[in-house]
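Numbered by the UniProt record's numbering, the letters in the sequence shown go through residues 1 to 439 in order. Note sheet for the following structure.
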Amino acid sequence: MSALARIAVVGSGPAGFYATEALLRSGVPVAVDMFERLPAPFGLVRFGVAPDHPKLKQVTTVFDRIAGLPGFRFIGGVEVGADVGVAELSACYHAVILANGASLDRRMGIPGEDLAGSHQAGAFIGWYNGHPDAAHLSFDLSAERAVVIGHGNVALDVARILLKTADELRHTDIAAHALNALAESRIREVQIVGRGGVERARFSPKELGEFGDLLDCETGLDPDDLPEGIPEPSIDAGVEARAVAPILRGFADAQGGTGKRRRCLIRFGLEPVRLAGKDHVQSLQLRRPGSDRTIDLDCGLVISSIGRRTAPVPGVPYDARAGIHANLGGRIQAEGVPVPGLYTCGWSKRGPHGTIGTNRACGVETATALLADLASLPAPIGSADALVASLAKRTGHTLDYAAWRRIEAAEAARGRAAGKPREKFVTRAEMLAVAGVAA
């Protein structure tokens with residue numbers, strides 16, 4: 001195909017940017033329009049990475065360079081599935097790549113899960129990261145004990161933010177409303193609970209090791225959970241699993257007496273049974289898998305972190321079991337047959353696994369599949385430029401990458417005044433006003 005191919009990428013997280021880069025650097029005449037429902041790009045890099053992990057956020061400089069490539073256009077504040085449908089996009093572009101992540105938390109499915117004080121990790125993370133959909137939420141931090149359900153790095157993020165002092169968080173880009181609330185927290189103990197044993201935990205050594213460096217919190221294990229101690233990793237265990245075991249042993253051997261006022265307890269072999277309380281969570285009942293023995297923990301806050309799934313998009317085949325768009329190698333499939341011109345990458349392609357860097361190979365794989373198909377794809381019947389102009393009228397604004405850079409500059413200026421990397425705007429209205437576009 002020698003004529004310019006127009007591609008729509010839905011979502012501006014790492015996978016979307018890496019797929020875009022692969023397309024624009026392919027040597028094939030391609031232009032990419034990137035659609036993002038929020039005024040701010042970068043997906044989980046902005047709204048998922050914990051505020052005390054600033055090095056991970058430096059990848060946005062790579063995304064800025066990609067956004068500067070010829071043929072790139074950013075269209076912010078447009079939600080695909082609401083402001084524009086996939087069918088309408090498909091009519092105006094040679095191909096559409098869905099890189100819309102995994103925005104829905106999986107539920108525990110136990111009695112009492114909807115009590116006040118019971119939350120899912122995505123809401124809490126969005127709250128402390130200033131996501132416009134979560135900034136208005138509130139979390140009761142008045143009880144002495146909180147419980148985090150899950151044995152992955154997201155659970156560690158949640159627990160760590162609950163346990164850090166305000167001084168440890170003050171100079172990060174944590175949202176101001178979250179910092180103020182956490183500064184008044186009365187939580188003194190966080191238990192991180194999972195149904196599996198040590199060998200099934202999905203902690204990374206770096207993230208787990210940070211619990212040994214918390215300013216006012218000591219970390220330990222409950223010997224009742226591990227009557228035979230920390231097992232040696234199997235010969236087939238990966239490098240990370242072998243590195244986690246000695247860290248856990250160090251926590252198990254901790255004697256206390258440090259004078260620290262907060263405590264983290266990492267628990268194994270316990271599954272949630274029910275949450276109890278009249279109007280608010282007062283206790284969590286746990287059970288040993290395969291046993292009738294239960295344990296009741298008094299607590300006032302429970303945050304579950306047991307996985308995420310992609311939100312279905314109208315008109316796009318969905319794999320409900322896996323919680324992703326139905327696809328094979330990035331080509332979206334209906335009944336096992338590829339849907340011409342429809343692709344996916346990132347978490348909406350493979351599930352919420354891997355690091356930010358994992359998305360590069362994932363995005364490249366999808367872009368490569370699209371380019372291989374390009375000659376056989378039908379030409380669009382509509383105009384991408386006309387569609388973008390129409391969307392500006394529908395939404396009442398035009399939010400391009402230059403507008404985002406104005407938002408970013410204003411956040412950085414606010415951050416300098418507070419001794420932070422940035423002070424995020426947490427509502428769409430604030431962002432649009434700062435960007436200087438009509439709301």
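All residues carry an ideal CB built from backbone N, CA and C; glycine is no exception.
Buried or exposed for Val337, please, with buried defined as at least 16 other CB atoms from any protein chain shown within 10 angstroms of its CB.
-> exposed
Touch check for the stretch 79-95 and the stretch 266-276: three-plus C-beta pairs under 8 Å?
-> no
In angstroms, rounded to a whole number, what distance separates the CA positions of Ala135 and Phe47?
-> The straight-line gap from Cα to Cα measures roughly 11 Å.
Count the other CB atoms within 10 Å of the CB of Ala361; is the residue buried (16 or more) or exposed (fewer)?
-> exposed
Beta-carbon gap between Leu399 and Gly76 smaller than 7 Å | yes
Is Leu387 buried or exposed, if buried means 16 or more other CB atoms sit within 10 Å of its CB?
-> buried
Where does His131 sit, in a helix, a strand or coil, going by DSSP?
-> Three-state DSSP puts His131 in coil, outside helix and strand.
From what residue to what residue does the beta strand (DSSP E) around Asp140 run?
-> Taken as a continuous stretch (DSSP letters only), Asp140 belongs to no beta strand (DSSP E), as it is neither H nor E.
Report the residue ranges of all beta strand (DSSP E) runs contained in full by the stretch 85-118; include only those spanning at least 3 residues, in chain order.
-> 95-98
Validate contact between the stretch 165-184 and the stretch 203-213 using beta carbons, cut 8 Å, 3 pairs | no
Thinking Ala243 and Pro205 are a contact (beta carbons under 8 Å), I'd like their distance in whole angstroms, please.
-> 4 Å
Measuring alpha carbon to alpha carbon, tell me which of Pro312, Gly152, Leu104, His177 ends up nearest Ser138.
-> Ranking the options by Cα distance to Ser138, first place goes to His177.
On a CA-only basis, which of Pro14, Val10, Val9 is nearest Gly354? Give me that one, please.
-> Pro14
The stretch 90-103 contacting the stretch 305-319, beta-carbon criterion three pairs below 8 Å | yes
So Thr294 is in the alpha helix (DSSP H); what residue range does that whole segment cover?
-> Unbroken run through Thr294 is the beta strand (DSSP E), 294-298; no alpha helix (DSSP H).
Sub-7 Å separation of Gly363 and Lys349 beta-carbons | no
How far does the alpha helix (DSSP H) with Pro231 in it reach, from first residue to last?
-> Unbroken run through Pro231: none, as it is neither H nor E.
Residue range of the unbroken beta strand (DSSP E) whose run includes Leu265 = Per DSSP, Leu265 belongs to the beta strand (DSSP E) from 262-267.
Between Ile247 and the rest of its own chain, which residues show a CB-CB distance below 7 Å, the 5 nearest in sequence each way excluded?
-> Pro205, Leu208, Gly209
Indicate the three-state DSSP secondary structure (helix, strand or coil) for Val62 in the structure shown.
-> helix
Using the C-alpha atoms, what's the distance from Arg308 back to Lys55?
-> 24 Å
Going by alpha carbons, who is nearest to Leu141 out of Ala175, Arg106, Arg186?
-> Arg186
Can you pull the DSSP bridge partners for Asn327?
-> Ile332
Nearest-angstrom beta carbon gap, Ala245 and Pro227 [assumed within contact, 8 Å] | Going by Cβ atoms, the distance from Pro227 to Ala245 rounds to 17 Å, so no, they are not a contact pair.
For the beta strand (DSSP E) that contains Leu286, what are its first and last residues?
-> 283-287
Contacts around Val198, its chain only, beta-carbon distance under 8 Å, and the 5 residues preceding and following it disregarded = Leu226, Ile230, Pro231, Val244, Ala245, Leu248, Phe268
Give me whichever residues DSSP pairs with Gly76 in a beta bridge.
-> Glu36, Leu399
By Cβ distance below 6 Å, which residues in the same chain neighbour Met108 in space, the five residues on each side in sequence not counted?
-> Pro272, Ser304
Integer Cβ distance of Gly122 from Val426, believed to fall under 8 Å = Not a contact, Cβ separation roughly 16 Å.
Given a cut-off of 7 Å, decide if Ala8 and Pro352 are closer than it, judged by their beta-carbon atoms.
-> no
Taking the alpha carbon of Gly11 as the point to measure from, which residue in Ala384, Gly27, Asp105, Arg37 has its own alpha carbon closest?
-> Arg37
Say yes only if the C-beta of Val45 is nearer than 6 Å to one or more non-hydrogen atoms of the ligand NAP, and no if none qualify.
-> The ligand NAP is not among the ligands present in this structure, which contains no ligands whatsoever.
Give me the Cβ distance between Ala116 and Val281, rounded to the nearest whole Å; I'm assuming they're in contact under 8 Å.
-> Confirmed, about 7 Å.
So which of Asp222, Ile149, Gly126 has the shortest CA-CA distance to Ile110?
-> Ile149
Quick one: Cα of Trp404 to Cα of Phe74, how far?
-> 9 Å
Could you tell me which residues DSSP pairs with Cys217 in its beta bridges?
-> Within the DSSP bridge table, the entry for Cys217 names Arg262 as partners.
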